[in-house]
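Data block below; observations after.
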Amino acid sequence: MLSRVANSLYWLARYLERAENTARLINVNSHLLLDLPTSVKLGWEPIVDILSFRDKFYETYDVADESSVIKFMVVDKEHPGSIVSSISSARENARTLKEIIPREAWEQINELYLFATENSADAFKRRTRYQYLSKIVLANQTITGLLAGTMTHDEAYSFLRIGRNLERADMTTRIIDVRSASLLPDVENESAAFRNIQWMGVLKSMTAYQMYRREVRVRINREDVLEFLLLESRFPRSLIHAIEEVERCISELPHNREAVDKTRILRTQLVNAKPAQLSQEKLHEFVDDMQAGLIEISDKVTETYF
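For the sequence shown, full-length UniProt numbering assigns the number 1 to the initial residue and increments by one for each residue that follows.
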């Protein structure tokens, strides 16, 4: 396969996954702010922090209020990490892959782009924001299902899966890192109840709430949430599942030894760290190590195949 084609497939999947994850994250944050007491100043800045865009955000905006963060993270075409920019980049990659991906997938990507751009004003109005972002999430899930169900599961499909799962793993670590660090340090009497609300928000940010309740069946708590999101290999958005998917896909490609070794090392580090038992400071260090490992895998895939 041409390296250009492999690169386009990889980034097509990453951009689509990024748009879906960001849309879901903003929706959950909107609802979370309504559930927390007024004494809790969670606000909108954590959304910018989760995606590591703080410096870029403050180059343009003075304050991280609702309107500014929505504009920056959803519709700002000058910001490459916004939802509209991610979908636009996915569309440009898909345009070069019309003979590789199913026609129906290209049509859905094009329709998603048109919907996201033509209806972007809906993101600013609380009354319409949820529906707008939910449609973006659903459209991305439809595209993922189309590709899984109609595309030959060959090397091309492996690059899609590698991109999707590296992006998914990255977002999982980011959400856990930022959200766990901001868990209501100043609320005394009601901290336990509202801490549970925030952990519920973490689960919902990764469509994990219902599956967590099926599996754990006890009151939401830090240790069980971390165990589920990081180490539950049967859940498709857990960190370990994403890493194992990347490992499986790379194993199906030629010249894979170094990249496979890096994924195995990272998986071993994840399991051995017992992250659910770590203090917040140690958890932050652990997440940094995981993100560094994901970057190493991405760099090795790029070096080997692109």
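Glycine included, C-beta positions come from ideal geometry on N, C-alpha and C. Just so we're clear, the structure is a prediction, and the values are computed from it rather than from any experiment.
CA nearest to the CA of residue i, picked from the options
{"i": "Leu294", "options": "Leu12, Gln280, Ser279 and Val246", "result": "Val246"}
{"i": "Arg95", "options": "Pro80, Gly81 and Glu111", "result": "Glu111"}
{"i": "Glu66", "options": "Ser52, Ala19 and Leu34", "result": "Leu34"}
{"i": "Ser88", "options": "Ala64, Tyr61, Ala116 and Arg174", "result": "Ala116"}
{"i": "Leu16", "options": "Glu227, Ala139 and Asn29", "result": "Ala139"}
{"i": "Val137", "options": "Asn27, Thr304 and Lys282", "result": "Asn27"}
{"i": "Ile101", "options": "Phe159, Asp224, Leu114 and Phe306", "result": "Phe159"}
{"i": "Gln280", "options": "Leu266, Thr263 and Arg222", "result": "Arg222"}
{"i": "Asp177", "options": "Leu9, Ser8, Val48 and Arg18", "result": "Val48"}
{"i": "Ser233", "options": "Gly201, Ile197, Val271 and Arg257", "result": "Val271"}
{"i": "Ser237", "options": "Arg161, Arg213 and Asn165", "result": "The question names Ser, yet the displayed sequence has Arg at residue 237. The residue with the shortest Cα to Cα distance from Arg237 is Asn165."}
{"i": "Gln277", "options": "Gly201, Gly81, Ile265 and Val225", "result": "Val225"}
{"i": "Tyr132", "options": "Trp44, Glu118, Ile143 and Thr142", "result": "Glu118"}
{"i": "Arg127", "options": "Leu266, His31, Phe235 and Phe228", "result": "His31"}
{"i": "Trp44", "options": "Arg103, Val69 and Thr60", "result": "Val69"}
{"i": "Phe53", "options": "Arg161, Ile162 and Arg174", "result": "Arg174"}
Between the CA atoms of residue j and residue i - distance to the nearest angstrom
{"i": "Glu92", "j": "Arg168", "result": "21 Å"}
{"i": "Asp299", "j": "Cys249", "result": "16 Å"}
{"i": "Glu252", "j": "Leu2", "result": "16 Å"}
{"i": "Val187", "j": "His284", "result": "Its pLDDT being 46, under 50, Val187 is placed unreliably by the model, and the measurement read from it follows with that caveat. Val187 and His284: Cα-Cα distance of roughly 22 Å."}
{"i": "Glu190", "j": "Ile220", "result": "Its pLDDT being 49, under 50, Glu190 is placed unreliably in this model, and the coordinates cannot settle the point."}
{"i": "Lys77", "j": "Pro275", "result": "37 Å"}
{"i": "Leu51", "j": "Met171", "result": "8 Å"}
{"i": "Asn21", "j": "Asp288", "result": "20 Å"}
{"i": "Val75", "j": "Ile83", "result": "7 Å"}
{"i": "Ala156", "j": "Ala6", "result": "7 Å"}
{"i": "Met206", "j": "His255", "result": "33 Å"}
{"i": "Met290", "j": "Met211", "result": "24 Å"}
{"i": "Ser120", "j": "Glu296", "result": "35 Å"}
{"i": "Phe306", "j": "Leu9", "result": "11 Å"}
{"i": "Lys98", "j": "Gln108", "result": "12 Å"}
{"i": "Asp122", "j": "Arg129", "result": "5 Å"}
{"i": "Asp55", "j": "Ala273", "result": "31 Å"}
{"i": "Thr304", "j": "Trp11", "result": "15 Å"}
{"i": "Pro46", "j": "Ala105", "result": "33 Å"}
{"i": "Leu239", "j": "Thr268", "result": "12 Å"}
{"i": "Phe235", "j": "Phe72", "result": "31 Å"}
{"i": "Arg214", "j": "Ala208", "result": "10 Å"}
Exposure of residue i, with buried meaning 16 or more beta-carbon neighbours within 10 Å
{"i": "His79", "result": "buried"}
{"i": "Lys204", "result": "buried"}
{"i": "Ala292", "result": "exposed"}
{"i": "Ala23", "result": "buried"}
{"i": "Lys282", "result": "exposed"}
{"i": "Leu114", "result": "exposed"}
{"i": "Thr150", "result": "exposed"}
{"i": "Lys125", "result": "exposed"}
{"i": "Arg18", "result": "buried"}
{"i": "Val63", "result": "exposed"}
{"i": "Ser86", "result": "buried"}
{"i": "Ala148", "result": "exposed"}
{"i": "Thr60", "result": "exposed"}
Residue i (DSSP reduced to helix, strand or coil)
{"i": "Lys274", "result": "coil"}
{"i": "Leu97", "result": "coil"}
{"i": "Lys300", "result": "helix"}
{"i": "Tyr305", "result": "helix"}
{"i": "Trp11", "result": "helix"}
{"i": "Ser279", "result": "coil"}
{"i": "Leu2", "result": "coil"}
{"i": "Met73", "result": "helix"}
{"i": "Met206", "result": "coil"}
{"i": "Ala61", "result": "Looking at the sequence shown, residue 61 is not Ala but Tyr. The answer is coil: DSSP assigns Tyr61 none of H, G, I, E or B."}
{"i": "Glu78", "result": "coil"}
{"i": "Phe53", "result": "coil"}
{"i": "residue 311", "result": "Coverage of the chain is limited to positions 1 through 306, which leaves residue 311 absent and any answer about it impossible."}
{"i": "Arg219", "result": "coil"}
Alpha helix (DSSP H) segment containing residue i, residue limits
{"i": "Asn140", "result": "Arg126 to Thr150"}
{"i": "Phe228", "result": "Arg222 to Leu231"}
{"i": "Met211", "result": "Tyr209 to Val216"}
{"i": "residue 310", "result": "This structure cannot speak to residue 310, because the chain is shown only from 1 to 306."}
{"i": "Pro46", "result": "Glu45 to Ile50"}
{"i": "Glu252", "result": "First-last for Glu252: undefined, no H or E at that position."}
{"i": "Phe159", "result": "Glu155 to Ala181"}
Proximity test, residue i beta-carbon vs the ligand SAH heavy atom, cut-off 6 Å
{"i": "Leu25", "result": "Looking at this structure, you won't find the ligand SAH or any other ligand, since it has none at all."}
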